[in-house]
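The sequence shown begins at 101 in my numbering and counts up one residue at a time.
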Amino acid sequence: MTNDKTYRQTIEELETILRALETDTVDVDDLTARVQRSAELIRLCKQKLRNAEAAIDRVFDTLDEEDETEPTDDNDLA
């Protein structure tokens with residue numbers, strides 16, 4: 101499974117597979133391959149979402165740390 105696709109590209113491929121499954125008569129071998137590919141794409145999406153969540157958490161943690169170290173004296177704001 102490659103990780104070079106963007107989240108949007110991955111979702112678009114999943115949607116393409118879903119449309120094909122909804123409209124086409126798919127033989128069992130092809131169905132199996134499409135379901136396996138869908139599972140790979142779903143795993144990739146979940147990984148990308150977890151990575152994004154972790155990155156966002158780090159940003160907020162950094163902001164919280166900056167708030168804790170900033171002076172609280174109102175005279176410093178003037």
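A virtual CB, placed ideally from N, CA and C, is assigned to each residue, including glycine.
The region 128-135 makes no contact with the region 145-155, as fewer than three CB pairs between them are under 8 Å. Beyond the five residues adjoining it in sequence on each side, L141 comes within less than 7 Å, by CB distance, of T110, E113 and L114 in the same chain, given in chain order. DSSP places D104 outside both helix and strand once states are collapsed to three, so it counts as coil.
Our two residues, T162 and T169, have alpha carbons roughly 11 Å apart in a direct line. Going by DSSP, V135 is part of the alpha helix (DSSP H) stretching over V128 to T169. Measuring C-alpha to C-alpha distances from R108 to each of V159, R158, D167 and K148 identifies K148 as the nearest.
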